[in-house]
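Report on the structure given below.
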Amino acid sequence: MKDKCILDFGGVPTLHDSNAIAPEPLVQRHAQPGRSLLAVLHAIQDELGFVPPDTVAPLARAMNLSRAEVHGVLTYYHHFRTHPAAPVTVQLCRAEACRSMGTEALAQHIEARTGCRFDSAHQHQDAEGAAVGLESVYCLGQCALSPALTINGTLHAKVTPQKFDALLAAATKRVEETA
Ligand code: FES
Numbered sequence: 024m025k026d027k028c029i030l031d032f033g034g035v036p037t038l039h040d041s042n043a044i045a046p047e048p049l050v051q052r053h054a055q056p057g058r059s060l061l062a063v064l065h066a067i068q069d070e071l072g073f074v075p076p077d078t079v080a081p082l083a084r085a086m087n088l089s090r091a092e093v094h095g096v097l098t099y100y101h102h103f104r105t106h107p108a109a110p111v112t113v114q115l116c117r118a119e120a121c122r123s124m125g126t127e128a129l130a131q132h133i134e135a136r137t138g139c140r141f142d143s144a145h146q147h148q149d150a151e152g153a154a155v156g157l158e159s160v161y162c163l164g165q166c167a168l169s170p171a172l173t174i175n176g177t178l179h180a181k182v183t184p185q186k187f188d189a190l191l192a193a194a195t196k197r198v199e200e201t202a
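According to the numbering used here, the sequence shown is numbered sequentially starting from 24.
Rendered as structure tokens:
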């Protein structure tokens with residue numbers, strides 16, 4: 024298994040790039056009066072794909088909250104990222120209905136196929152060189168069609184190992200074509 028953290032995949036925001044994001048203007052754009060903290064965090068993630076940790080302090084000031092409150096909300100909800108997603112991001116449902124339909128065996132296949140680990144702090148490269156991130160989620164609303172997963176936000180149901188391999192190859196190709 025490779026252990027190379029992918030921070031420089033062509034054209035995709037990286038952790039290094041995230042350091043260059045100016046948090047104050049970002050917060051000013053989104054922390055409008057009357058907006059809840061959750062709504063602001065969603066708006067920032069919609070714009071950037073993640074919520075930079077540097078926004079916690081300016082968010083707290085702008086919304087008259089403590090930094091601990093903002094940090095607590097940001098880290099409580101799994102939906103929010105504090106770093107850019109991998110160019111190919113797989114979110115696999117590991118809740119009850121999917122578990123009963125073999126999602127854990129599918130998870131093992133996905134890890135073996137990609138050389139990555141679910142919910143790892145680092146992202147890795149697969150054999151073809153595309154960066155892949157594996158994330159566990161808990162119910163995608165497709166319980167009757169489990170096991171379910173998303174790849175880069177697109178939902179797929181009744182996923183078998185063979186179907187996953189085809190989906191991964193297609194997603195990898197799309198990333199390579201746009202890099
Ligand atoms: S339990 Fe997996 S989609 Fe609902």
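For each residue, glycine too, the CB sits at the ideal point set by N, CA and C.
- Counting every other CB atom within 10 Å of its CB across the protein chains shown gives Q131 a total below 16, marking it as exposed.
- When DSSP states are grouped into helix, strand and coil, T112 belongs to the strand group.
- Between the alpha carbons of Q68 and A80 lies a gap of roughly 16 Å.
- Of the candidates G138, L178, A192 and C121, C121 places its Cα closest to the Cα of Y161.
- Straight-line measurement puts the Cα of I174 at about 8 Å from the Cα of L190.
- For S123, the enclosing alpha helix (DSSP H) has its first and last residue at E119 to S123.
- Secondary structure note for T98: its alpha helix (DSSP H) is the uninterrupted segment R90 to Y99.
- Comparing alpha carbon positions, the residue from L163, A108, S143 and R140 closest to A118 is L163.
- Under the three-state reduction of DSSP, A194 is assigned to helix.
- The criterion of a C-beta distance shorter than 8 Å is satisfied by L88 and L60.
- The closest CA to that of D142, considering only H94, H101 and P110, is found on H101.
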